[in-house]
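Participant: Chains as they are written, first to last, in numbering that gives the first Met the number 0: chain A, 0 to 285; chain B, 0 to 673. Even for Gly, the Cβ is constructed at its ideal location relative to N, Cα and C. In this text the structure is predicted, and so the values were computed from the model without any measurement.
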Amino acid sequence: MTLIDHLHTDRRADMTTTLAAAPVFDIEAVLASIDTMATRKPVAAQIVSVANADGTSAKELSAAVACDVPLAGRVLKLANSAYFGMRGRVTSLQFAVTVVGFTTVRTMATVALTDLDDESRLPADFWDVSTNLALAAAGLAPRFGERPQDALCIGLLAQLGVALLHHNDPGGYAELSARHPAAAARRTAEVRNYGIHALRLTSVALEQWGFPHSMVLPLREVDDLDAPEGGLLRTAFELAGRLCAAGHENVPVPVLSGGRVAERDLAPVLESVRAEAEELRRALLG
Amino acid sequence: MAAVFHSTILSDRMALVVVAVVAGARTVAWTNDKAVELFGYAPEDFLGLPVEHLLPTLRGGELKLLLRRERTVSMTLPVRSASGAALECVVKATPDQAGRLWTLRVFTVDGDQERAVKATADAHERRFATLTERSPVPMLLSEQGMRLAHVNDAFCALVGLRADQLLGTGWLGVLHPDDLDGVLEQAAAVLDRGEGEVQARLVREDGTVRATVIRFAHFFTPGVGAGFVGTIEDITERLAFETRLAHQAHHDPLTGLPNRTLLAEYVADRFDPAGSGLACIFLDLDNFKVVNDSLGHAAGDVLLVEVAARLRSVVRPNDLVARFGGDEFVVVCDDVDEDDAVALAERIVETLGRPLHIGGLDHRPRASIGVTVQTEEHACAEELIRDCDIAMYQAKVGGGGRITVLDHRARAQARDKLRLVADLRAAIEARDVTLLYQPIFSTADGAPVAVESLARWEHPERGAINPATFVPLAEENGLIAALGLLVLDETCRQLAEWDRVLGADAPARANVNVSALQLDRHLRGHVESALERHGLAASRLSVEITESALVKDPASARTVLLQLRDLGVELAIDDFGTGYSSLAYLRHLPVTCLKVDRSFVAELSDGHPEITTAVIALASSLGLHTVAEGVETAEQAAELARLGATYLQGFSLAQPMSGATLTAWFAGRLSVLR
Numbered sequence: 000m001t002l003i004d005h006l007h008t009d010r011r012a013d014m015t016t017t018l019a020a021a022p023v024f025d026i027e028a029v030l031a032s033i034d035t036m037a038t039r040k041p042v043a044a045q046i047v048s049v050a051n052a053d054g055t056s057a058k059e060l061s062a063a064v065a066c067d068v069p070l071a072g073r074v075l076k077l078a079n080s081a082y083f084g085m086r087g088r089v090t091s092l093q094f095a096v097t098v099v100g101f102t103t104v105r106t107m108a109t110v111a112l113t114d115l116d117d118e119s120r121l122p123a124d125f126w127d128v129s130t131n132l133a134l135a136a137a138g139l140a141p142r143f144g145e146r147p148q149d150a151l152c153i154g155l156l157a158q159l160g161v162a163l164l165h166h167n168d169p170g171g172y173a174e175l176s177a178r179h180p181a182a183a184a185r186r187t188a189e190v191r192n193y194g195i196h197a198l199r200l201t202s203v204a205l206e207q208w209g210f211p212h213s214m215v216l217p218l219r220e221v222d223d224l225d226a227p228e229g230g231l232l233r234t235a236f237e238l239a240g241r242l243c244a245a246g247h248e249n250v251p252v253p254v255l256s257g258g259r260v261a262e263r264d265l266a267p268v269l270e271s272v273r274a275e276a277e278e279l280r281r282a283l284l285g
Numbered sequence: 000m001a002a003v004f005h006s007t008i009l010s011d012r013m014a015l016v017v018v019a020v021v022a023g024a025r026t027v028a029w030t031n032d033k034a035v036e037l038f039g040y041a042p043e044d045f046l047g048l049p050v051e052h053l054l055p056t057l058r059g060g061e062l063k064l065l066l067r068r069e070r071t072v073s074m075t076l077p078v079r080s081a082s083g084a085a086l087e088c089v090v091k092a093t094p095d096q097a098g099r100l101w102t103l104r105v106f107t108v109d110g111d112q113e114r115a116v117k118a119t120a121d122a123h124e125r126r127f128a129t130l131t132e133r134s135p136v137p138m139l140l141s142e143q144g145m146r147l148a149h150v151n152d153a154f155c156a157l158v159g160l161r162a163d164q165l166l167g168t169g170w171l172g173v174l175h176p177d178d179l180d181g182v183l184e185q186a187a188a189v190l191d192r193g194e195g196e197v198q199a200r201l202v203r204e205d206g207t208v209r210a211t212v213i214r215f216a217h218f219f220t221p222g223v224g225a226g227f228v229g230t231i232e233d234i235t236e237r238l239a240f241e242t243r244l245a246h247q248a249h250h251d252p253l254t255g256l257p258n259r260t261l262l263a264e265y266v267a268d269r270f271d272p273a274g275s276g277l278a279c280i281f282l283d284l285d286n287f288k289v290v291n292d293s294l295g296h297a298a299g300d301v302l303l304v305e306v307a308a309r310l311r312s313v314v315r316p317n318d319l320v321a322r323f324g325g326d327e328f329v330v331v332c333d334d335v336d337e338d339d340a341v342a343l344a345e346r347i348v349e350t351l352g353r354p355l356h357i358g359g360l361d362h363r364p365r366a367s368i369g370v371t372v373q374t375e376e377h378a379c380a381e382e383l384i385r386d387c388d389i390a391m392y393q394a395k396v397g398g399g400g401r402i403t404v405l406d407h408r409a410r411a412q413a414r415d416k417l418r419l420v421a422d423l424r425a426a427i428e429a430r431d432v433t434l435l436y437q438p439i440f441s442t443a444d445g446a447p448v449a450v451e452s453l454a455r456w457e458h459p460e461r462g463a464i465n466p467a468t469f470v471p472l473a474e475e476n477g478l479i480a481a482l483g484l485l486v487l488d489e490t491c492r493q494l495a496e497w498d499r500v501l502g503a504d505a506p507a508r509a510n511v512n513v514s515a516l517q518l519d520r521h522l523r524g525h526v527e528s529a530l531e532r533h534g535l536a537a538s539r540l541s542v543e544i545t546e547s548a549l550v551k552d553p554a555s556a557r558t559v560l561l562q563l564r565d566l567g568v569e570l571a572i573d574d575f576g577t578g579y580s581s582l583a584y585l586r587h588l589p590v591t592c593l594k595v596d597r598s599f600v601a602e603l604s605d606g607h608p609e610i611t612t613a614v615i616a617l618a619s620s621l622g623l624h625t626v627a628e629g630v631e632t633a634e635q636a637a638e639l640a641r642l643g644a645t646y647l648q649g650f651s652l653a654q655p656m657s658g659a660t661l662t663a664w665f666a667g668r669l670s671v672l673r
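1) To the nearest angstrom, how far is it from the Cα of Asp498 of chain B to the Cα of Ala663 of chain B?
2) Rounded to a whole number of angstroms, what is the C-alpha to C-alpha distance between Arg259 of chain B and Asn476 of chain B?
3) Just curious, the beta strand (DSSP E) that Cys592 of chain B is in, first and last residue?
4) Please look up how many angstroms separate the CB atoms of Leu164 of chain A and Ala197 of chain A, rounded, as I've assumed it's under 8 Å.
5) Nearest CA to the CA of Arg311 of chain B: which residue from B:Glu327, B:Glu638 and B:Ile347?
6) Taking its Cβ as the centre, do 16 or more other Cβ atoms sit within 10 Å of His377 of chain B, making it buried, or is it exposed?
7) Return the bridge partner residues of Trp664 of chain B from the DSSP annotation.
8) If we ignore side chains and look at the alpha-carbon of each, how far apart do Val64 of chain A and Leu232 of chain A end up?
9) Is DSSP giving Tyr436 of chain B helix, strand or coil here?
10) Say whether chain A places a C-beta atom closer than 7 Å to the C-beta of Leu65 of chain B.
11) Less than 7 Å separating the beta-carbons of Ala282 of chain A and Leu77 of chain A?
12) For the beta strand (DSSP E) that Phe735 of chain B lies in, which residues bound it at each end?
13) Determine the direct distance from the alpha carbon of Ala156 of chain B to that of Leu174 of chain B, and round the result to whole angstroms.
14) CB Val486 of chain B to CB Val511 of chain B, shorter than 7 Å?
15) List the endpoints of the continuous alpha helix (DSSP H) containing His521 of chain B.
16) Quick check: Ala454 of chain B and Pro466 of chain B, are their CB atoms within less than 7 Å of each other?
17) Below 8 Å, how does it come out for the region 108 to 118 of chain A and the region 262 to 269 of chain A: are there three or more Cβ pairs, yes or no?
18) Could you tell me which residues DSSP puts in a beta bridge with Asn512 of chain B?
19) Using the rule of at least 16 other Cβ atoms within 10 Å of the residue's Cβ for burial, across every protein chain shown, is Arg410 of chain B buried or exposed?
20) Compare the C-beta of Phe236 of chain A against all C-beta atoms of chain B and say whether one is closer than 7 Å.
21) Just grab the DSSP bridge partners of Trp126 of chain A for me.
22) Considering only C-alpha positions, which residue in the set A:Arg273, A:Asp225, A:His247 and A:Glu275 is nearest to Arg259 of chain A?
23) For the alpha helix (DSSP H) containing Gln635 of chain B, name the first residue and the last one.
24) Starting from Leu205 of chain A, follow the alpha helix (DSSP H) in both directions and report where the run begins and ends.
25) Taking a Cβ distance cut-off of 9 Å, strictly less, list which residues of the region 24 to 43 of chain A are near chain B, in chain order.
26) I want to verify the contact list: residues of chain B whose CB lies under 8 Å from the CB of Thr187 of chain A, in sequence order.
27) Under the rule that 16 or more other beta-carbon atoms within 10 Å means buried, what is Gln143 of chain B, buried or exposed?
28) Classify Ala152 of chain A as buried or exposed, calling it buried when 16 or more other Cβ atoms lie within 10 Å of its own Cβ.
29) Helix, strand or coil: how does DSSP classify Asp114 of chain A here?
30) Taking only the alpha-carbon atoms, compute the straight-line gap between Asp44 of chain B and Met145 of chain B and give it to the nearest angstrom.
31) Just to confirm, are Thr611 of chain B and Asp574 of chain B a CB contact at a threshold of 7 Å?
32) Count the other CB atoms within 10 Å of the CB of Asn131 of chain A; is the residue buried (16 or more) or exposed (fewer)?
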C-alpha cells in the first residue's frame with residue numbers, strides 16, 4: 000500500500016465526500032522537491048538560512064539579499080510601499096531589511112526559492128488570495144495576540160502547498176479547486192487526491208526550511224476549531240474568501256475565531272485589505 | 000545501527016526511540032531509559048508499539064512526513080504519553096542507510112525551565128503593557144518600520160480615536176499634512192539608529208489640532224527588525240502661551256497692531272537691496288495732544304484704536320499696519336510704485352477724516368503723511384523707514400493734514416542735514432564750536448561794560464555755519480544741552496582769563512544765550528558749576544532767554560528763572576517785542592533787562608521809532624535796563640541814548656571778537672577812555 004492509499008484508507012472513516020479518481024500524485028516526489036529547491040536556488044536558500052539565524056544582523060542579511068538582485072529590488076519596493084508607510088524614504092537595502100523585518104525578508108526569499116514569483120506556474124487567483132489572506136491575517140493579528148508582521152508572512156506563504164500541488168498536477172489541481180471553492184472542502188479533497196492537504200504541505204516545507212514553530216503551528220491547526228493556534232489563519236482565510244471568491248459562502252467569524260472577532264469588527268479590516276492588496280502584490284512580485 | 004547506538008552513547012539525557020518497519024508497520028524497536036521516563040510506558044509495553052500511538056497528530060499517512068528515507072526531518076509536535084497526556088516536543092527523525100530504521104530524538108519544548116522563562120517573559124510583557132497602557136504620557140510602539148503595534152490609552156485620548164484605528168499605518172492619518180514629512184524623516188532616521196524628536200501637529204477626530212513634540216527611540220529585535228518607541232508631549236498650551244508672549248513683545252497692547260520692533264523685522268525681511276516696490280507710509284496724527292489734553296487720555300486711546308481700525312480697513316490684506324509709537328503709525332506695502340503708494344495715502348486721509356464721536360464731540364482725525372518707495376539709494380530697511388519719517392516731518396512742517404513724498408531732492412537734503420548733525424555732534428565734543436564776544440556799551444559814558452558770547456562754527460569743508468542754522472539743528476537733534484554747556488563753560492573760562500589779564504579792567508559781565516530747551520531743572524546746577532569751576536561771582540553772568548522760549552511754558556520758565564535769580568545771575572529777555580508775551584506776565588518775571596530786537600532798532604533809520612520808544616519806556620517803567628541790539632550807525636546810537644536805552648550793542652560800535660582779540664581791544668579802549 001502506497002502512502003497515498005494509506006492516507007485515503009485512513010481518512011475514509013471521517014470524510015463523506017464522493018470518491019475521486021485514482022490519484023496520480025507522487026507525494027514522495029513533492030517532498031523530495033522541497034529538499035532540492037535549496038540546491039537549485041542557493042542564493043535564496045542562503046537568505047532563508049541567514050534570516051533564520053538568531054545572531055544575524057541587518058547588515059549581514061542585507062549583504063545576503065544583495066546577491067539576489069531581483070529580490071533586493073522587491074525588498075526595497077516593499078519597504079517603500081504604503082504598507083510600511085515609509086513613502087519612498089528607504090534608499091538603502093540594509094535599511095529596507097530593517098524596515099520590512101527579517102521574517103518578511105525570509106518570506107520573500109522563500110517565495111523566490113519556490114518559484115512563487117512565477118505566476119505562469121500558479122493558479123490564476125494565487126496571489127490575489129495570498130495577498131488578501133496575508134493582509135487580513137496582519138490586520139486581525141492584534142486580536143489574537145499575534146505580531147501582525149508574522150501573521151503577514153504566514154498569510155503570504157500559507158498557499159505554498161497549493162503551489163506545490165499545482166506544480167505537480169496542474170490540470171488535476173485546477174479541476175479540484177474549481178469543484179471545491181470552499182477552503183475546508185478543498186482541503187478534504189486535497190487529502191483525498193494527494194494524501195495531504197495544501198496547508199499541511201506548507202507546514203512541512205516551512206518546518207523543513209527552519210521556519211519557527213510559531214509560524215508552522217497555525218497551518219497545522221487550521222482545521223481544528225478547538226485549536227486556538229489556528230484561529231487567526233482560519234478567520235483570515237474566511238476574509239480572503241469573502242474578498243476574492245465569487246459565490247463565497249460566508250462562515251460566521253465568531254465561530255472561526257473562537258469568539259475573538261465579531262462580524263461588526265470586520266469592516267475596517269476588509270477596507271484596509273482592499274486598499275493595500277494590489278500594492279503589496281506589486282511589491283512582492285516586482 | 001552503529002549510528003543509532005552512537006547516538007545513545009552521546010547522551011543519556013535525551014529520549015531516544017528506534018523505529019523499525021515490521022510487517023509494513025512502523026513500530027518501536029528500542030528505547031533508552033529517558034524515553035521510558037518521558038513516555039511513561041513500561042519497557043515491555045513500549046517495544047512493538049506503533050509509532051502513531053506516540054505521535055497522534057501524524058496519524059495515517061502523515062507519519063511518512065517525519066520518517067523520510069532520504070534525510071533527517073525535524074518536527075515540533077505533541078507526543079502522547081502512556082497516560083494519554085500530550086507533551087509538545089521537537090522530534091528529530093534520522094534514517095539509517097537502508098531506510099528501514101529511524102532514530103527519533105525527542106526533546107521537550109515546554110519543560111519547567113522553559114515555562115519559567117516564558118512566565119518571566121510574559122510577566123515582563125504584562126508589566127510593560129500595564130506601564131504603557133496606564134501611563135498618562137501618550138505612547139506608541141512601532142513593530143516594524145512605521146507600522147504601529149501598540150498605542151496606549153493616553154495617545155488614543157489625545158487624538159480621539161480607538162487603538163484599532165491607529166495601529167498599522169493608521170496613526171499617520173492623524174498627523175497634520177504639513178508635518179507628515181518631518182515626522183517620517185525623523186522616524187526613518189531613528190529606525191536606522193539613535194533617538195530623535197520632532198514637533199508635529201496632530202489633528203483630532205473632532206478636527207481640533209494639538210501641537211506636540213514626538214520623541215522617538217530606536218529599538219531592535221534580533222531576528223525581527225527595527226522599530227521605535229514614541230512618546231508624545233502635548234505642547235499646545237505651552238505654545239499658545241509662548242505665542243501670546245511673543246505677540247505681546249511684538250504688538251501694541253492698545254491697538255493690537257505690530258509694534259516698532261516687529262515693523263523693523265518685517266521691513267528687513269522684505270527688503271532686497273536690488274529690489275523695488277517696497278513702500279512705507281508714515282502717519283502722524285495732527286493735534287493728537289490737543290485731544291489728549293482737552294478730552295483726557297481715555298479719549299486719546301479711543302482715537303488711537305479707531306485710527307488703527309480705519310487703517311486696517313483701508314489697506315490691502317497683505318499690507319502691514321504698525322504703531323510706530325505715540326500717535327505715529329506706519330503702513331508697509333509691497334509690489335507698489337509711487338503712484339500706488341500715494342493713492343493709498345489718499346485713501347487713508349479720506350478714511351481717517353470721517354467724523355468720530357469721542358468725549359461728546361465730533362472729531363475728524365487728520366494726519367501728516369510721509370510716503371517713501373524704495374529706490375536704489377536705499378541701502379537698508381532702516382533707511383526706508385527713516386525716509387518716510389522725514390517725509391512725514393516735512394508734511395507736518397508744511398502745515399499738517401497733507402501727504403509728502405520724499406523725492407530725490409528732499410532725500411538728498413535730509414541726508415545732507417543728517418551729515419551736518421553728525422559733524423556738529425563731533426564739533427561740540429571736540430570743542431570746535433568757538434565763541435566770539437561782542438562788547439556792550441553804556442549809553443551813560445560810552446564805556447564797554449559787558450560782552451555777549453556768540454557761538455561760531457567753522458566747518459572744515461563748508462566754512463562758517465550760521466548760528467541760525469546750527470542752533471536749531473542742535474535743538475532738533477538733542478545737541479542743545481551739550482552746546483549750551485560748552486558756551487557756558489567757555490564764557491566763564493574766558494571771563495576768568497580776562498580777570499587774570501586785565502584785572503579790574505576786565506568786562507564786568509558776560510551774557511550767554513540759553514535755549515528754551517535748556518530751561519529745565521538742571522540749568523541752575525549747570526550755571527552754578529561753571530561759575531564755581533572758574534571762580535566767578537554769579538553777578539558776572541547774565542543769562543539771555545528769548546521771548547518765544549518764555550511763551551512756550553511760562554510757568555516752568557518762571558520757576559527756572561527764579562532759581563537763577565536766587566543764585567545771583569542777571570536775567571535778560573532777548574529779542575523783546577518779537578514774541579507774544581503778556582506784558583502783565585512780564586511784570587512777574589525776575590528779569591532785570593530787556594534787549595530791544597535789532598529789527599526795531601533798524602526802524603529808527605526809517606523814521607519809525609515808535610516800538611523802540613515803547614519798549615524802552617516800558618522797561619523804564621518796570622525798573623528794567625535795556626540793551627538795544629543791532630546798532631549800525633552813530634545816529635542810531637545817539638537816538639537810542641536820547642530815548643533812554645541803558646546799553647548799546649552793534650557792529651558800528653564793536654564787532655564780535657575772539658577772546659584774545661577782545662583782551663587787547665579792551666585794554667586799548669579803556670586806556671583811551673582814561
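Facilitator: A quick look at the data gives this:
1) 13 Å
2) 20 Å
3) Cys592 to Val595
4) 6 Å
5) B:Ile347
6) buried
7) DSSP, once it has assigned bridges, lists no residue as partnering Trp664 of chain B.
8) 28 Å
9) strand
10) No, because no Cβ of chain A sits closer than 7 Å to the Cβ of Leu65 of chain B.
11) yes
12) Coverage of chain B is limited to positions 0 through 673, which leaves residue 735 of chain B absent and any answer about it impossible.
13) 15 Å
14) yes
15) It is not in any alpha helix (DSSP H) - His521 of chain B carries neither H nor E in the DSSP assignment.
16) yes
17) Flag = no, the region 108 to 118 of chain A and the region 262 to 269 of chain A do not touch.
18) B:Glu543
19) buried
20) Not an interface residue.
21) Answer by DSSP bridge pairing: none, since Trp126 of chain A is not bridged.
22) Proximity to Arg259 of chain A across A:Arg273, A:Asp225, A:His247 and A:Glu275 peaks at A:Asp225, based on C-alpha coordinates.
23) Ala633 to Leu642
24) Ala197 to Gln207
25) Ile26, Glu27, Leu30, Ala31 and Asp34
26) Under the 8 Å cutoff, chain B gives no residues; its nearest Cβ is about 14 Å from Thr187 of chain A.
27) buried
28) According to the sequence displayed, residue 152 of chain A carries Cys and not Ala. With 16 or more Cβ atoms within 10 Å of its Cβ, Cys152 of chain A is classed as buried.
29) coil
30) 58 Å
31) no
32) buried
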